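In the working numbering, the protein residues as written are 10 to 749.
If you want it as structure tokens, here you go:
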């Protein structure tokens with residue numbers, strides 16, 4: 010929440026905005042949501058107004074983005090999400106104004122001038138500066154001095170017309186004030202508080218600190234040898250201009266402080282700032298001027314700078330959080346949109362040495378058919394028995410692909426599997442198992458497989474991730490997927506909200522099978538809550554599945570509004586109406602039916618019939634009142650129905666010569682997979698326990714502004730080894746090229 014556009018006293022032209030203004034203490038604060046949002050983003054006023062109207066009607070972001078383009082002017086989900094956030098920010102800020110005005114009015118201190126300032130203030134920091142003198146405070150030195158009756162003395166001193174400080178102070182000795190020194194000290198405490206609350210001074214110190222301040226961190230000496238300190242070694246003696254400190258370094262320093270390894274502070278040119286304050290306050294050069302100079306220094310060190318320093322840290326922390334959340338959201342989207350293998354029969358392996366490799370067999374719907382454990386590796390070394398067992402299982406369950414988790418013993422298990430004889434062509438995939446252990450021990454895992462232990466659940470999750478990553482990843486907390494940047498250090502509420510948006514947009518972009526999707530996947534569909542998702546699953550189990558989208562209206566708790574929002578994103582394969590397996594919303598079925606009638610075709614003959622559909626024009630339509638954009642959307646979908654935006658899973662092989670970090674040699678080129686992206690570079694899985702880092706400077710020749718402009722998550726790449734630090738287990742890489 011930054012600057013807000015205000016039109017105080019001007020009648021709004023947005024007569025349909027039912028939250029057009031807020032009323033406080035019979036005083037009207039006029040600040041429309043639409044005016045604010047227009048000032049904050051490059052979106053047309055009409056598009057914003059129409060979107061807000063739809064949001065007020067309880068429409069969801071995915072629904073508006075896909076099925077109300079003609080209303081919003083074609084806004085996408087990112088633009089609509091920004092409107093949602095700005096709308097919420099406006100309402101929070103305006104509510105805060107209400108609270109502040111009410112508080113000051115109850116104190117009997119609300120003047121018309123102050124009210125006007127509060128009504129027209131344009132950002133939250135300036136608002137809080139105005140409110141600061143009226144905030145209820147804990148017991149302060151200034152409050153104690155006021156209780157002794159020293160505020161008149163403070164006012165006399167601030168007038169700077171006194172001939173003698175001691176003479177003035179002597180008049181206040183007695184009744185709790187022991188001597189002149191105590192009187193002057195108390196008056197100084199009051200003046201120090203006034204200075205610290207002066208809006209112009211706070212604004213200047215705040216801007217100077219943000220623009221010219223440095224963040225400094227030093228090691229806490231007694232903690233240097235403690236476990237965990239090593240990872241903060243780069244920050245044991247660290248200084249950087251605050252405005253140039255990237256989010257990952259800022260968050261790293263903050264984490265070091267929170268974990269007790271670093272001492273962190275903001276450094277500024279105190280002498281320069283003190284002189285600036287003195288010029289605003291001091292008008293006399295005598296003993297009053299010297300006295301005020303000392304008071305200003307006390308105010309700065311004790312009140313003003315600690316407060317402003319905390320504000321600036323909070324401001325930069327919010328910015329760092331925003332950057333980190335954006336990185337996480339981008340990575341999560343790419344993970345969720347991973348290429349699926351599709352509905353294939355899969356044998357999945359959660360590899361291990363001492364405890365063996367847990368093996369599960371899944372049918373094409375991801376249902377568990379069989380599980381066992383094999384021991385092909387040391388110390389048991391039951392290699393032959395394990396080969397026979399895998400071959401037997403693949404034959405018995407008609408396995409079409411093998412999924413191997415990429416954790417401990419992954420490379421060894423891959424090597425073992427490739428020595429097994431298969432009668433049919435079976436593809437072998439290495440699957441990222443990050444978060445699988447979280448799923449296996451979670452409530453979701455227990456609900457799905459109450460009769461199996463965590464090792465079986467983990468293997469099932471690995472297999473299902475190969476078949477359909479999106480369906481499986483929605484079951485675990487995104488923070489456990491391992492694709493973020495300091496995700497545990499950022500504002501958790503903001504992170505959850507942002508990641509929920511990402512998951513929801515991905516799920517709805519692809520669409521889900523109404524008859525096979527889990528309740529966890531269904532709960533991300535527009536308009537469907539967790540409780541309704543459970544009822545959908547219960548209904549289909551009782552009735553044997555859905556034969557049409559319209560049957561959703563028979564589900565308890567799912568009304569017309571929820572149906573409107575959800576229907577277009579749910580697929581019914583082999584149902585009564587072929588349109589139920591497309592992106593066409595039921596409200597537009599009449600358009601498709603009229604097109605079929607005009608072409609003298611059945612609906613089943615219409616789907617995918619590009620040659621036939623090219624003969625129909627918008628001008629041919631007569632019986633259905635529709636917009637041309639809605640007609641075009643239906644026509645596009647009929648030509649290529651329900652195209653999955655994801656590509657298909659491909660086999661990838663790591664270098665057979667690199668199995669541990671000691672096998673790495675400077676200059677060698679090896680294949681890898683991008684498994685995490687940050688602002689400073691990307692991490693690469695090269696088939697060993699440790700991941701390597703391609704710093705942003707090693708992605709390509711020349712300047713790189715955004716890592717995502719060069720590489721994507723799960724992209725296959727060829728990298729060159731630049732540096733290996735075996736003691737710190739750090740690997741520096743350079744991008745050579747991408748592997749198709």
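All C-beta atoms, glycine included, are put in the ideal place defined by N, C-alpha and C. Note that the structure is a prediction, hence the values are computed from the model and not measured.
Looking at the secondary structure, which residues open and close the alpha helix (DSSP H) in which residue i lies?
i	result
residue 739	Where residue 739 is concerned, there is no enclosing alpha helix (DSSP H), although the beta strand (DSSP E) it sits in stretches over 739-747.
residue 6	Because the chain here runs from 10 to 749, residue 6 falls outside it and cannot be looked at.
residue 548	539-552
residue 702	Counting along the chain, residue 702 falls outside any alpha helix (DSSP H), though it belongs to the beta strand (DSSP E) covering 701-704.
residue 690	Residue 690 -> not in any alpha helix (DSSP H); beta strand (DSSP E) instead, spanning 690-694.
residue 324	314-345
residue 447	445-449
residue 530	528-531
residue 470	463-476
Taking only three categories from DSSP, how would you classify residue i?
i	result
residue 729	strand
residue 580	strand
residue 249	strand
residue 433	coil
residue 37	In this predicted model, residue 37 has a pLDDT of only 44, less than 50, meaning its place in the structure is not dependable; the value taken from the coordinates is given anyway. Three-state result, residue 37: strand.
residue 241	helix
residue 515	helix
residue 368	strand
residue 678	strand
residue 608	coil
residue 32	Residue placement at residue 32 is flagged as unreliable, the pLDDT there being 32, under the threshold of 50; the coordinate-derived value follows with that caveat. Strand at residue 32.
residue 613	helix
residue 621	helix
residue 378	strand
residue 697	coil
residue 1	As shown, the chain starts at 10 and ends at 749. That puts residue 1 outside it, with no answer to give.
residue 629	helix
residue 417	coil
residue 483	coil
residue 594	coil
residue 27	In this prediction, residue 27 scores a pLDDT of 28, lower than 50, which makes its location untrustworthy; the coordinate-derived value is nonetheless stated afterwards. Residue state, collapsed to three classes: coil.
residue 427	coil
residue 388	coil
residue 403	helix
residue 257	helix
residue 53	coil
residue 285	helix
residue 48	helix
residue 84	coil
residue 589	helix
residue 170	coil
In the DSSP assignment, what residue or residues form a beta bridge with residue i?
i	result
residue 274	225
residue 568	BP columns for residue 568 are empty, so no partner.
residue 186	183
residue 687	690
residue 522	580
residue 438	412
residue 383	366
Could you tell me which of the options sits nearest to residue i, measuring between CA atoms?
i	options	result
residue 462	194, 650 and 448	448
residue 271	168, 261, 142 and 459	261
residue 522	658, 514, 549 and 539	549
residue 362	391, 721, 606 and 744	391
residue 489	477, 508, 535 and 473	508
residue 318	703, 220, 153 and 79	220
residue 408	432, 428, 385 and 427	432
residue 193	166, 424, 65 and 97	166
residue 250	240, 282, 217 and 233	217
residue 352	544, 231, 603 and 474	474
residue 661	629, 681 and 500	681
residue 364	410, 464 and 397	464
Can you give the beta carbon distance from residue i to residue j, rounded, assuming they're within the 8 Å contact cut?
i	j	result
residue 323	residue 366	Not quite, the Cβ-Cβ distance comes to about 49 Å (not below 8 Å), so this is no contact.
residue 92	residue 61	7 Å
residue 414	residue 450	Going by Cβ atoms, the distance from residue 414 to residue 450 rounds to 15 Å, so no, they are not a contact pair.
residue 429	residue 393	So it is not a contact: roughly 11 Å between Cβ atoms.
residue 697	residue 724	The pair is not a contact, with the Cβ atoms about 19 Å apart (cut-off 8 Å).
residue 369	residue 443	Their Cβ separation, rounded to whole angstroms, is 19 Å, which puts residue 369 and residue 443 out of contact at 8 Å.
Let's see if you can read the secondary structure: which residues bound the beta strand (DSSP E) around residue i?
i	result
residue 358	355-359
residue 414	410-414
Closer than 7 Å: is that where the CB of residue i sits relative to any heavy atom of the ligand NAP?
i	result
residue 476	Within the structure as shown, the ligand NAP is missing, as the structure has no ligands at all.
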